[in-house]
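S.K.: Residue numbers (UniProt numbering): 1 to 133.
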Amino acid sequence: MEASTSADQESTSETLMIENVVLNEESSLDFSSPWHFSDVVLVVEDTKFHVHKCILSMWSPVFRTMFTSQFMESNAKEIPLPGKHSDEMEVLLKHIYSSGTKATVTEENYQFLLQLILQIHSEEDRELLIKSD
């Protein structure tokens, strides 16, 4: 068995830190200012959400396409999302950043959360979500 190097320990430490931020701090997630290498800002009803392209891209093919294609949003620092409500977007982002745990879904937010999720997923994903509903 090989002894772990300091690089291995550092990598493990970084992974744990990222998991802690993404998975365990749902209630304290604050998207109002830059944090942990956030690299894009979603603007909803004059509210700015500092988020990570990689996390949104992993979670949504719509965001993935937006950030990796020739759309103007791929290089934009701020992306306006008209027609959305900032309080609902915050709930969606907390849901995404908590790895979609059921703890983030309540009777109060179930309907609008489902609608937002359906809007940011591909047609195939939508069909799967509707079937599992």
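Note that beta-carbon positions come from the ideal geometry of N, C-alpha and C, so glycine has one too.
Specify the secondary structure class of Leu42 as computed by DSSP and reduced to three states.
M.R.: The residue given as residue 42 occupies position 42 in the sequence shown. In this structure, Leu42 counts as strand in the three-state DSSP scheme.
S.K.: Please name the residue in Met66, Met72, Ser28 and Glu90 whose C-alpha comes closest to that of Asp46.
M.R.: For this step, residue 46 is matched to residue 46 along the sequence shown. Ranking Met66, Met72, Ser28 and Glu90 by Cα distance to Asp46 puts Glu90 first.
S.K.: Can you have a look at Lys94 and say buried or exposed, based on whether 16 or more other CB atoms are within 10 angstroms of its CB?
M.R.: Working through the sequence shown from its first residue, we reach residue 94 at position 94. Per the 10 Å Cβ criterion, buried.
S.K.: DSSP beta-bridge partners for Lys48?
M.R.: What you label residue 48 is simply residue 48 of the sequence shown in a count that begins at 1. Per DSSP, Val43.
S.K.: Is the distance from the Cβ of Ser57 to the Cβ of Phe67 below 7 Å?
M.R.: Against the sequence shown, residue 57 aligns to sequence position 57. Against the sequence shown, residue 67 aligns to sequence position 67. Result yes, Cβ atoms of Ser57 and Phe67 sit closer than 7 Å.
S.K.: Could you tell me which residues DSSP puts in a beta bridge with Pro80?
M.R.: Locating residue 80 in the sequence shown gives position 80, counting from the first residue. In DSSP, Pro80 forms a bridge with Val43.
S.K.: Can you give the Cα-Cα distance for Tyr110 and Ile117, rounded to whole angstroms?
M.R.: Reading the sequence shown from its first residue, position 110 is the one you call residue 110. Reading the sequence shown from its first residue, position 117 is the one you call residue 117. Between Tyr110 and Ile117, the C-alpha separation is close to 10 Å.
S.K.: Of all the options Phe49, Thr106 and Val43, which has the alpha carbon lying nearest to the alpha carbon of Leu81?
M.R.: The residue you call residue 81 lines up with position 81 of the sequence shown. The shortest C-alpha separation from Leu81 is found at Val43.
S.K.: Kindly give me the distance between the Cβ atoms of Val41 and His52, rounded to whole angstroms, as I take these residues to be in contact under 8 Å.
M.R.: As a working mapping, residue 41 is identified with position 41 in the sequence shown. As a working mapping, residue 52 is identified with position 52 in the sequence shown. With 8 Å as the limit, Val41 and His52 do not qualify as a contact, their Cβ atoms being about 11 Å apart.
S.K.: Have a look at Ser98 and Ile55 and give me their C-alpha separation to the nearest angstrom.
M.R.: Locating residue 98 in the sequence shown gives position 98, where the first residue counts as 1. Locating residue 55 in the sequence shown gives position 55, where the first residue counts as 1. Each residue's alpha carbon lies about 11 Å from the other.
S.K.: I need the straight-line Cα distance from Met72 to Arg64, nearest angstrom please.
M.R.: Translated into the one-based positions of the sequence shown, residue 72 becomes position 72. Translated into the one-based positions of the sequence shown, residue 64 becomes position 64. One C-alpha to the other measures close to 13 Å.
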